[in-house]
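As numbered in numbering that gives the first Met the number 0, residues 0 to 299 make up the sequence shown, in order. Below you'll find the structure, written out as structure tokens, and then a few comments.
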Amino acid sequence: MGVGIVGDGPAFGAAAAAVLSAPTLLPMLGNTAIVLGTSTALAVVVATLFAWLSERTTARAGWLAGVLPVVSLLVPSIAGAIGWVLLASPRAGFLNVALADLGVPLVLDVFSWPGLVLVYTLYLVPQVYLPVSAALAELDPALEEAARVGGRGPVRTLITVTLSAVRPAILSGALLALVYGVALFSVPLIIGTQARIDILSVEIVRLLTTEFPPRLPEAIVLSVVVLLVLGAAWAVNARVVRGGRFATISGRAAAGRRLRLGRAPTVVPEPAWPSICWWRASCRSRRWCSSPCRGSGRAG
0 MGVGIVGDGP AFGAAAAAVL SAPTLLPMLG NTAIVLGTST ALAVVVATLF
50 AWLSERTTAR AGWLAGVLPV VSLLVPSIAG AIGWVLLASP RAGFLNVALA
100 DLGVPLVLDV FSWPGLVLVY TLYLVPQVYL PVSAALAELD PALEEAARVG
150 GRGPVRTLIT VTLSAVRPAI LSGALLALVY GVALFSVPLI IGTQARIDIL
200 SVEIVRLLTT EFPPRLPEAI VLSVVVLLVL GAAWAVNARV VRGGRFATIS
250 GRAAAGRRLR LGRAPTVVPE PAWPSICWWR ASCRSRRWCS SPCRGSGRAG
């Protein structure tokens, strides 16, 4: 069966040698590694931040907080790539036209390294956000509260407790984002080709569809390279997860207090609460009262 797919052995070996010795192979692999590595790292940072804000703090903005990080899943990649071309094309993009009308000396160019990485990142964020947010939702808040009681601030608690507890989910999301990025085709085809940035997935499809007869052996060799890279990433992920101590021994997680973000509230003595709430109610501004005031107002 393998001979029927790739032909005889010597011909396949010659095709593999031709692909591996091509002068364009190393630049293409380098471009793919830069785009995937940068976009995956950015996706991990952005998705983890969104998940932490949504699940562990008071910054959650209702249903919008859950939809915004995964909105790219609702838009096909080809439609999203075309949409960004319409928005940020350097000559006729809607955003560039609006900036020119406002007199802003700034030109957005989606056909560039930053533009390609940006669109890649937008499509990789959901792959990291979903497992990380699920892990944060199941995390026992007593761990974070114990760290705060012990004198650790919000940043140290986030780094040493929260992120450490959900590290397997972060690594799994990063691996999933890497796999999704390798398989992404429409974005590098529409944006990367115009930017003259050769990506491996586009080259594999080009060998199979734009040439006759199809260069199947060369495409198979490049696909094997992709499988080797993904296999190495999976092995590293599995080794890190197995080598770490990620077990948390506790009972059922209770609903804990979310970390309050924003300006610190003004400290008011408790005997003054009824007077303050009466004054606010008289000004028809009772909705500004804090929870102790609302309780005092109802009691009065």
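Glycine residues also receive a C-beta, built at the ideal position from the N, C-alpha and C atoms.
Practice task
Using beta-carbon positions only, say whether LEU183 and TYR122 come within less than 9 Å of one another.
Solution key: yes
Problem - Alpha-carbon spacing of VAL225 relative to ARG166, whole angstroms - result: 25 Å
Exercise for the section: Verify whether the separation of the beta carbon atoms of PRO75 and SER185 is less than 9 Å. Expected result: yes
Problem - Local Cβ density within 10 Å of VAL14, reported as buried at 16 or more and exposed below that - result: Note on identity: in this sequence residue 14 is Ala, with Val being the wrong assignment. It is buried - the Cβ of ALA14 has at least 16 other Cβ atoms within 10 Å.
Problem - 6 Å CB neighbourhood of ALA64 in its chain, flanking five on each side removed - result: SER53
Exercise for the section: Mind reading off the beta-carbon distance from GLY152 to SER38? Whole number of angstroms is fine, and I expect it under 8 Å. Expected result: About 31 Å; that fails the 8 Å criterion.
Handout entry: Cα-Cα separation between GLY172 and PHE211, rounded to whole angstroms
Key = 39 Å
Exercise for the section: Express the C-alpha separation of LEU199 and VAL44 in angstroms, rounding to a whole number. Expected result: 25 Å
Practice task
Check each candidate in ALA42, LEU98 and ALA32 and name the one with the smallest Cα separation from ARG130.
Solution key: Sequence inspection shows Pro at residue 130; the Arg mentioned does not correspond to that position. Nearest option by C-alpha distance: ALA42.
Problem - 7 Å CB neighbourhood of ILE203 in its chain, flanking five on each side removed - result: ALA218, LEU221 and SER222
Practice task
Between the Cα of ALA146 and those of TRP51, ALA136, THR159 and GLY12, spot the shortest distance and give me the residue it belongs to.
Solution key: THR159
Handout entry: Same chain, Cβ closer than 8 Å to GLN201, five either side skipped, listed in chain order
Key = The amino acid occupying residue 201 in the given sequence is Val; Gln does not appear at that position. Result list for VAL201: PHE184, PRO187, LEU188, GLY191 and THR192, in chain order.
Exercise for the section: Return helix, strand or coil for THR56, following the three-state DSSP convention. Expected result: strand
Exercise for the section: Quick one: grab the DSSP three-state call for ARG166. Expected result: helix
Exercise for the section: Report, in whole angstroms, the separation of the C-beta atoms of PRO26 and ASP197, which I expect to be a contact under 8 Å. Expected result: 7 Å
Practice task
Could you check the C-alpha separation between VAL106 and GLY92 for me, to the nearest Å?
Solution key: 9 Å
Practice task
Enumerate in chain order the residues of its own chain whose CB-to-CB distance from VAL118 is below 8 Å, with the five nearest sequence positions on each side excluded.
Solution key: GLY79, ALA80, TRP83, VAL109, VAL186 and ILE190
Handout entry: DSSP state of ASP108 mapped onto helix, strand, coil
Key = coil
Handout entry: Assigned secondary structure, THR93 (DSSP; H/G/I helix, E/B strand, else coil)
Key = For the record, residue 93 in the displayed sequence is Phe; it is not Thr. Helix at PHE93.
Practice task
Consult DSSP for ALA15 and reduce its assignment to one of helix, strand or coil.
Solution key: helix
Exercise for the section: For PRO9, count neighbouring C-beta atoms within 10 Å of its own C-beta (all shown protein chains included) and say buried if the count is 16 or more, exposed if not. Expected result: exposed
Handout entry: Which of helix, strand or coil DSSP assigns to ALA263
Key = Per-residue confidence for ALA263 stands at a pLDDT of 43, beneath the threshold of 50, marking its modelled position as unreliable; the derived number appears in the next sentence. Coil at ALA263, not helix or strand.
Handout entry: Assumed close pair VAL239, LEU135 - CB separation to whole angstroms, cut-off 8 Å
Key = 19 Å between Cβ atoms; not a contact.
Exercise for the section: Express the C-alpha separation of THR47 and LEU174 in angstroms, rounding to a whole number. Expected result: 14 Å
Practice task
Determine the DSSP secondary structure at ASP139, reduced to helix, strand or coil.
Solution key: coil
Exercise for the section: Starting from the Cα of GLY12, find the closest Cα among PRO216, VAL228, ILE33 and ALA237 and give me that residue. Expected result: PRO216
Handout entry: Range covered by the alpha helix (DSSP H) that runs through GLU210
Key = It is not in any alpha helix (DSSP H) - GLU210 carries neither H nor E in the DSSP assignment.
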